[in-house]
Amino acid sequence: MLKFCAMKKNIVLIGFMGAGKSLVAQRLSRMLGVAFASTDQLIEQKEQRTVAEVFRDSGEEYFRKLEKEIVVKLAQKKNIIIDCGGGVVIQNENLINLKKTGILFYFYTSPEVIYRRTKFHSTRPLLNVSDPLAKIKELLAKRKSYYEQADYVIDTDLQTVEQTADAVLKQLKSAKLI
Ligand code: S3P
53 MLKFCAMKKN
63 IVLIGFMGAG
73 KSLVAQRLSR
83 MLGVAFASTD
93 QLIEQKEQRT
103 VAEVFRDSGE
113 EYFRKLEKEI
123 VVKLAQKKNI
133 IIDCGGGVVI
143 QNENLINLKK
153 TGILFYFYTS
163 PEVIYRRTKF
173 HSTRPLLNVS
183 DPLAKIKELL
193 AKRKSYYEQA
203 DYVIDTDLQT
213 VEQTADAVLK
223 QLKSAKLI
């Protein structure tokens, strides 16, 4: 474990729901001794309600507006790890802002593994549908080109949280960013 690491760029984690972004962000934060921020958590704090409630009562468009405002603020910070909600990338402006100060890691996960990891949670409004696997496939196909604009892609299908965090650190070290 490092005490405090001065990073040349923020670490930005993107990827579909269930990719492990939040757990890996927390682990990296502990390992590097730097803060992490989650776009979903910040939305919940600001709104004093859950993401599911925001979707239900105010709609996705409103949620995306909040997400965009939060990304603008986070992208201005230094030395943090940013855990992005799975849909952050669908607004191109978000990708542009995050790239200005951060290095982007896309955690790829296959539809089947996403389905397995998310099926017992009802916290994700977009997957509360009759056929979640079909929805996952549809959204992943739509988002693929956005996710692939990341600087690095890490396949998380067969990886533990620890292994994924190590893979991120390895890439950062070889790029001399930490
Ligand atoms: C979403 C992903 C969720 C959350 C919201 C919408 C998406 O975050 O922001 O339910 O559009 O993919 P996680 O990726 O952290 O589950």
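Read left to right, the sequence shown gives residues 53 to 230 (this note's numbering).
C-beta: ideal position from N, C-alpha, C; glycine also.
Small disclaimer: the values here were computed from a predicted structure and weren't measured.
Asked	Found
Is M69 near ligand 1, in the sense that its beta carbon is under 6 angstroms from a heavy atom of that ligand?	yes
Using C-beta distances below 7 angstroms, list every residue in its chain close to Y198, excluding the 5 sequence neighbours before and after it, in chain order.	V141, I142 and L147
So, at 7 angstroms on beta carbons, what are the nonlocal neighbours of F107 in its own chain, with the 5 sequence-adjacent residues on each side left out?	F115 and P177
Residues in its own chain within less than 7 angstroms of C57 by CB, not counting five upstream and five downstream?	L84, G85, V86 and I230
Straight-line CA distance for E200 to Y158?	7 angstroms
Once you ignore the five residues that flank V64 on each side, which residues in its own chain have a CB closer than 6 angstroms to its CB?	I134, L150, G154 and L156
Below 8 angstroms on the Cβ atoms is my guess for F88 versus Q78; work out the distance and round it to an integer in Å.	6 angstroms
Compute every distance between the C-beta of G85 and the non-hydrogen atoms of ligand 1, then say whether any falls below 6 angstroms.	no
My understanding is that C136 touches K73, with C-beta atoms under 8 angstroms, so please give their C-beta distance in whole angstroms.	7 angstroms
I believe V220 touches L80 by the beta-carbon criterion, under 8 angstroms. Please report the beta-carbon distance rounded to the nearest angstrom.	6 angstroms
Evaluate S182 with the Cβ neighbour count: other Cβ atoms within 10 Å of its Cβ, from every protein chain shown; 16 or more gives buried, anything less gives exposed.	exposed
By how many angstroms is the C-alpha of A104 removed from the C-alpha of T161?	22 angstroms
For L178, is the beta carbon positioned less than 6 angstroms from some heavy atom of ligand 1?	yes
Taking the beta carbon of L191 as the centre, do at least 16 other beta carbons fall within 10 Å, making it buried, or is it exposed?	buried
List the DSSP bridge partners of Y160.	D207
Between the C-alpha atoms of V237 and D209, what's the straight-line distance to the nearest angstrom?	Because the chain is modelled from 53 through 230, residue 237 falls outside the range shown and cannot be assessed.
Using a Cβ-Cβ cutoff of less than 7 angstroms, which residues in the same chain neighbour K61 once the five nearest sequence positions on both sides are dropped?	T153, G154, I155 and L229
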